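For the sequence shown, the residue numbers in the working numbering are -13 to 325.
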Amino acid sequence: MNVNRNILTLDEFTLTQLRQFPTATGELSRLLRDVALAAKRVNVEVNKAGLVDILGDAGTINVQGEDVKKLDIFANNQFMGVLKHGISCAGIGSEEMDDFVVFDDEVSNQSKYVVLFDPLDGSGNIDVNVSIGTIFSVYKRISELGKPCTKEDFLQPGNKQVAAGYVVYGSSTMFVYATRRGVNGFTLDPSIGEFSLSHPNIKCPESGKFYSVNHGNFFQYDESIRKYIDGCQRKNKENGGPYTQRYIGSMVADVHRNLIKGGIFMYPATTDKPKGKLRLLYEANPFAFIVEVAGGLATNGKQRILDIQPTELHQRTALFIGSRLMMEELETFTGTKIK
Ligand code: AHM
Ligand code: MG
């Protein structure tokens, strides 16, 4: 019997990948399925956010000292819930929680992976109906199986990631994930409630037209960055400029657009935030992994993001990420050659 396999769902796709490795245990596929399930639940709430009394501050301040919106808490609970209930994850770290959470039960202690995530990034955009997203990062634990996972499992450099991904809750909802083998994108088909393969084998264009940065902070950036941004706005036959500026303020949407169309996204250090704003473990690292697998580059201006040795869960970093040739052009301003 012939079954139409032209449009694979996320589960079907991960199974076809699994079938190529007969010794694989399928734990990563299960983990991705768990994350996708939580994403679907979050998507339902994001879609009806304007209709129910779920908007606004939950009246608490998160560990970064920022207001917590109700949807952030809902999303955090969904992702934590599926990962705790599943059999692939030994512990998690989240933007919304002070410290790592070690699940420490008989099944979780046998699980191979730990997961770091930002359950709902771009929270400033929730109450204005603009794209927001989830970001996640997966590591194989280095601690002994059968015991609770440890802090060292979470504090591995990004180059040790096994997989990373994001969900963008936008005009349609997309789930994009990368392993070392490639980056694939799935669009939620509401008629069957499944993510279906819509963007196979995503490659980041070598160059592009878009640059994404918060111009309001311009005078707080280092001089080399100001000069680069100035160059983005000028006619330049070498780089095909001037570039077009696009900045939504939701990293997931901004980097997603540049990944598909070609471009560069920057969140440099500022005088107010000398360490940068974005978080290394669950914002910069997963995107650096995805974009590098797709052929692009990611740095903090001095060093490759994926080579930074993390020291704490909520560590911040400057971030420059995008198309390879645009990143190389930036490096002529910062004076660093990363790759
Ligand atoms: P959040 O985790 O509190 O949502 O902050 C991260 C977001 C990113 O999605 C986005 O790129 C950046 O903050 C925007 O910051 P700014 O408003 O300073 O430009
Ligand atoms: Mg965030």
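Just so it is clear, CB atoms sit at the ideal spot from N, CA and C, and this is done for glycine as well.
Values in this document were obtained by computation on a predicted structure and should not be read as measured data.
Output the distance between the C-alpha atoms of residue i and residue j, rounded to the nearest integer angstrom.
i     : j    : result
D175  : P260 : 42 Å
G194  : V100 : 35 Å
V153  : T165 : 15 Å
K323  : E317 : 6 Å
L(-4) : I121 : 17 Å
S236  : S117 : 7 Å
R265  : H201 : 20 Å
N145  : L4   : 22 Å
E81   : G12  : 27 Å
D208  : V169 : 33 Å
Determine the burial state of residue i: buried for a count of at least 16 other Cβ atoms within 10 Å of its Cβ, exposed for fewer.
i    : result
E138 : exposed
V114 : exposed
A10  : exposed
H242 : buried
F273 : buried
D90  : exposed
P191 : buried
E315 : buried
K98  : buried
Q147 : buried
T297 : exposed
Looking only at its chain, what residues have a beta carbon closer than 7 Å to the beta carbon of residue i, apart from the 5 residues adjacent to it on each side?
i    : result
G171 : M160, V162, S184, H185, I188
G119 : D107, G108, Y152, V153, V154, Y155, S236, V238, A239
Y233 : S198, V199, N200, D240
For residue i, list the residues DSSP reports as bridge partners.
i     : result
L17   : In the DSSP output, where bridge partners are listed per residue, L17 has none listed.
N95   : Partner(s): none; N95 has no beta bridge.
G171  : V162, H185
G308  : I250, L283
I(-7) : Partner(s): none; I(-7) has no beta bridge.
Excluding sequence positions up to five away, which residues of its chain have a Cβ less than 6 Å from the Cβ of residue i?
i    : result
M313 : L283
M252 : V199, F306
F65  : A24, F103, P105
For residue i, which residues of its own chain have a beta-carbon under 8 Å away from its beta-carbon, when the five flanking residues on both sides are left out?
i    : result
T230 : K195, F196, Y197
Which runs of the alpha helix (DSSP H) spanning at least 4 residues fall entirely within the segment 121 to 160, listed in chain order? 137 to 140
At 4 residues or longer, and completely inside the segment 194 to 263: list those alpha helix (DSSP H) runs for me, N to C. 209 to 218, 237 to 247
Just list the beta strand (DSSP E) runs in the segment 61 to 92, keeping only unbroken ones of 3 residues or longer that don't cross its boundaries, in chain order. 75 to 80
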